[in-house]
Amino acid sequence: MFQSTTPNSPTLRPGADRTSVARHRSTLNERDVAQNPLALALSSFPNAGACSAFGMEVMRGLLRRHPRMALLIGNGPNIASGLMPSWQDLLTSAGSKRYLACTEGLSNTEVYDLVQLHASDTARLKAKVVDMLALKRRADLRVHRDLMEFARGAGVPVLTTNFDAAFETSIGAKKHILAQKERGFTHYYPWNTYYADEPLGSPLDGFGVWKIHGDVRYPHSIRLGLLDYMGSVERARRLLYYGDPKGAKRTSLWRGRLDEAGVTEWFGDTTWLHVWFHLPIVISGLRYGADEIFLRWLLIERKMWKDARKERMDVYYVSKGTPDPAVLNLMTNIGVDIIRIDCYSELYPPAA
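Residues 112 to 463, numbered by my numbering, are exactly what the sequence shown covers, in order.
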């Protein structure tokens with residue numbers, strides 16, 4: 112049912128029943144709890160029963176360990192709900208079959224760039240993708256609503272790679288734009304735009320849905336190809352290392368001043384990047400494969416940042432079964448805790 116992998120963690124074998132969970136919990140000692148936050152989370156579990164209940168207890172256990180944390184959610188809820196196409200299906204439907212016939216060995220992002228390269232109207236191509244991501248009038252958003260109610264109740268930010276409006280629509284969240292340090296607003300990188308019940312003073316202040324790869328409401332912001340992702344890397348790198356090129360008060364992340372709470376004041380502190388570098392992150396519904404080159408780079412940047420501050424990585428990756436070897440190697444080498452589950456219903460229980 113659940114298995115955790117960390118350098119110092121005890122493990123639960125897949126398919127463990129409530130007896131083995133209780134036995135495992137009883138073996139936790141003070142050293143386990145001190146060295147491994149997952150041990151502390153497990154030590155507070157009630158007896159695990161249903162698959163879905165146990166999966167959510169993992170989330171609640173991590174929340175008890177990190178009252179201020181953030182969620183990074185991928186396309187998993189959409190796939191589980193049958194709501195949106197997969198990345199592969201999106202490309203197949205939007206692109207020309209002529210140029211999708213010989214793509215072996217290429218990432219999806221590279222395939223999109225090839226499709227765009229040969230498209231007669233690139234704006235129309237992206238518009239077609241946006242149309243495919245539009246919510247149907249009677250879309251079943253119960254899985255999304257349950258996840259968002261959990262996040263809203265806990266007061267934690269939600270970062271998502273999804274372009275669509277399912278998360279915010281499921282709970283009626285409103286769009287807000289946080290006053291940014293940069294001059295002017297850009298539809299290409301609306302990184303200070305979020306969806307919440309009320310305005311926030313900072314991205315760290317509570318629940319809000321932040322779109323990493325773009326928003327259907329801003330078609331130009333949608334990141335689909337490798338060229339798009341390189342643009343995101345370039346923009347993020349400027350914020351992290353150079354700050355305001357015009358010499359404003361706010362500087363880069365690495366040179367920013369720490370406030371009394373140990374939070375950096377920097378040029379990107381009104382964007383979702385502020386959440387990424389300052390809060391523990393729980394990742395779910397995201398394969399983190401080769402297509403996610405931007406997020407892989409950001410994960411390494413976070414590791415460098417945390418090491419420089421002598422802080423724990425505090426990132427948890429929830430995976431259905433064992434991750435792909437490349438993902439497992441990446442996560443293991445940078446200190447990410449891996450939580451294995453047997454079925455997606457552990458996190459996305461079927462709607463009643």
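A virtual CB, placed ideally from N, CA and C, is assigned to each residue, including glycine. If you're wondering where the values come from, they're calculated on a predicted model, not measured in any experiment.
Item	Value
CA-to-CA distance, residue 219 to residue 198, given in whole angstroms	7 Å
Separation of residue 332 from residue 273, as counted between CA atoms	12 Å
Residue span of the alpha helix (DSSP H) that contains residue 443, given as start and end	436-444
Three-state secondary structure assigned by DSSP to residue 181	strand
Pair within 8 Å by beta-carbon distance, residue 244 and residue 280	no
Touch test, the region 303-313 against the region 389-398, Cβ-Cβ under 8 Å, three pairs minimum	no
Straight-line gap, residue 436 to residue 428 (C-alpha atoms, nearest Å)	14 Å
Residue 290 beta carbon less than 8 Å from that of residue 306	no
DSSP state of residue 222 mapped onto helix, strand, coil	helix
Cutoff 8 Å; reference residue 370; Cβ partners in own chain excluding five residues on either side	376
Whole-number beta carbon distance between residue 262 and residue 173, since they are thought to touch under 8 Å	Residue 173 to residue 262, Cβ: 12 Å. No contact.
Delimiting residues of the beta strand (DSSP E) encompassing residue 214	No beta strand (DSSP E) holds residue 214; DSSP gives it neither H nor E.
Cβ distance (whole Å) where residue 378 is taken to contact residue 355 below 8 Å	5 Å
Range covered by the alpha helix (DSSP H) that runs through residue 395	Residue 395 -> not in any alpha helix (DSSP H); beta strand (DSSP E) instead, spanning 392-395.
Neighbour-count burial assignment, residue 452, 16 or more Cβ in a 10 Å radius	buried
Integer Cβ distance of residue 269 from residue 192, believed to fall under 8 Å	At roughly 16 Å, the Cβ-Cβ gap does not stay under 8 Å, so residue 269 and residue 192 are not in contact.
Beta carbon of residue 194 nearer than 8 Å to that of residue 277	yes
CB contact flag (residue 267, residue 341, <8 Å)	no
Straight-line Cα distance separating residue 399 from residue 430	10 Å
DSSP state of residue 417 mapped onto helix, strand, coil	helix
Supposed close pair residue 410, residue 185 - CB separation, criterion 8 Å	About 14 Å; that fails the 8 Å criterion.
Beta-carbon gap between residue 424 and residue 434 smaller than 8 Å	no
Residue 447 to residue 318 span [Cα, whole Å]	24 Å
Beta-carbon spacing of residue 351, residue 338 below 8 Å	no
Counterpart residues of residue 57 in DSSP-defined beta bridges	Given that the chain is displayed from residue 112 to residue 463, the structure contains no residue 57 and the question cannot be resolved.
Opening and closing residue of the alpha helix (DSSP H) in which residue 281 lies	277-282
Sequence-distant residues of the same chain with beta carbon closer than 6 Å to residue 438, five excluded per side	399
Identity of the residue in 170, 196, 343, 444 nearest residue 247 by Cα	196
Beta bridge counterpart(s) of residue 368 as assigned by DSSP	376
Distance CB(residue 202)-CB(residue 226) smaller than 8 Å	yes
Residue 175, DSSP secondary structure in three states	helix
Three-state secondary structure (DSSP) of residue 402	coil
Residue 229 in three-state terms, based on DSSP	coil
Nearest-angstrom Cα separation, counted from residue 417 out to residue 217	33 Å
Residues that DSSP places opposite residue 411 in a beta bridge	The partner list for residue 411 (beta bridge, DSSP) is empty, contrary to what the question assumes.
Three-state secondary structure (DSSP) of residue 239	helix
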